[in-house]
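Everything below concerns the one structure shown next.
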Amino acid sequence: MTETLYFGTYTKKTSEGIYKASLDTTTGLLSDRQLVAKEPNPTYLTFDKSGHLYSVGAENGEGGVAAFDNDGELINHVVDAGAPLCYVAVDEVRNLVYGANYHKGEVLVYKRAADGALTLADKDVHTGSGPHEKQASPHVHFTDLTPDKYLVSCDLGTDEVVTYDVSDQGQLTKVNTYKSAPGAGPRHITFHPTQKIAYLMNELNSTVEVLIYDGVGQFTLLQTISTLPEDWTDFNGTAAIRVSTDGKFLYGSNRGHDSIAVFKILADGTLELSQLAATHGKMPRDFNLSSDEKIVIAAHQDSDNVTTFFRDATTGLLSEIQHDFIVPEAVCVYVKA
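In our numbering, each residue carries its 1-based index in the sequence shown increased by 6.
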């Protein structure tokens, strides 16, 4: 079986924008890299169910979001002064697209038209700071839906997970705020498929906070666990976090240690580290699982290579297949069956 992978990239060196490649899910090998759309620094991307592609985007020196059709043709940009977004997500029920602006500390909501075009509906600007040198101001890094369809945001700059109610027209109303450990730097959050548990990836202190999720944005700390070996003293910043659909394993990427941390999910939702799989590249910012979850694909920002692994469904452990497929400056991996 073949799946199509899409890669968001930086375009600071040789990359031209958004790429795609074919994944053979039997062998785990990648092939046939193609440029899908030229766009400045499209570092994160997603699709809606109609096939519209949404990515971080820029136009005329301003930053924001870009919308493309099925063929990679630009539909429109929605931009403003300053840096572009760092995360985008689709809300199919409300016909909305959500965005996170790291540099400006903003949560943004866009209304989606039938043709895929976007218009800004609302935004919330965070305030505050944290004790770490990278926390002088708010840095919203993630905006996506909770299982009960609230909008949850991770703010790396203020050590907060802020949850909103969202109207059908995209208007935001703040409902709850969770405070992570000071200096932790919340980056991404994901949810257990069956239990009332969330997993918060903290970039600055390389930990996962296991949270009880009672709904309506109410999180309670259950466990904090490191993504690193005890003797690691060099730089590290965590990035992506994924949970297998059977709810048995959690994966997180380490940039610096350059590995994927593999955790077993115990009966109560807490984590036990079982493997640190070297990715054989520099700065694995994002990774993803194939649709059948037999293959893990990790992309590297600084070494331009993509590594694939076989994933053991029983143990969760990873074994490398290849690490020499080239996608320049790749920082996002999207699996499209």
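Glycine included, each C-beta is placed from N, C-alpha and C at the ideal position.
Query                                                                                                                           : Result
Close-in-space but distant-in-sequence residues of the same chain around proline 199 (CB under 8 angstroms, 5 per side omitted) : Val249, Thr251, Asp252 and Gly253
Alpha-carbon to alpha-carbon, alanine 336 and aspartate 3                                                                       : In this structure the chain extends from 7 to 343, so residue 3 is not present and cannot be described.
CA nearest to the CA of arginine 193, picked from Thr152, Val146 and Val181                                                     : Val146
Neighbour-count burial assignment, alanine 73, 16 or more Cβ in a 10 Å radius                                                   : buried
Beta-bridge pairing of tyrosine 170 - partner residues as DSSP gives them                                                       : Leu157 and Lys180
Three-pair Cβ contact test at 8 angstroms for the stretch 26-44 versus the stretch 316-333                                      : yes
Euclidean distance between Cα positions of alanine 64 and lysine 155                                                            : 29 angstroms
Nearest-angstrom Cβ-Cβ length linking valine 345 and isoleucine 195, presumed shorter than 8 angstroms                          : Residue 345 lies beyond the range of the chain shown here (7 to 343); nothing can be said about it.
Rounded Cβ spacing between leucine 114 and leucine 126 (contact assumed at less than 8 angstroms)                               : 7 angstroms
C-alpha distance - serine 325 paired with asparagine 242, whole-angstrom precision                                              : 22 angstroms
Contact under 9 angstroms by Cβ, cysteine 92 with tyrosine 60                                                                   : no
Range covered by the beta strand (DSSP E) that runs through arginine 39                                                         : 36-44
Helix, strand or coil at glutamate 9 according to DSSP, with G and I counted as helix                                           : strand
Given 8 angstroms, three or more beta-carbon pairs between the stretch 219-227 and the stretch 256-269                          : no
Supposed contact pair glycine 191 and histidine 138 - C-beta distance, whole angstroms, cut 8 angstroms                         : 6 angstroms
Counted within 10 angstroms of its Cβ, other Cβ atoms place methionine 7 as buried (16 or more) or exposed                      : exposed
Residue nearest to aspartate 86 in terms of C-alpha spacing, selected from Arg100, Asp97, His109 and Asn76                      : His109
8 angstroms contact criterion, which leucine 11 and leucine 29 should meet: CB distance rounded                                 : 5 angstroms
Check whether threonine 183 and leucine 228 have beta carbons under 9 angstroms apart                                           : no
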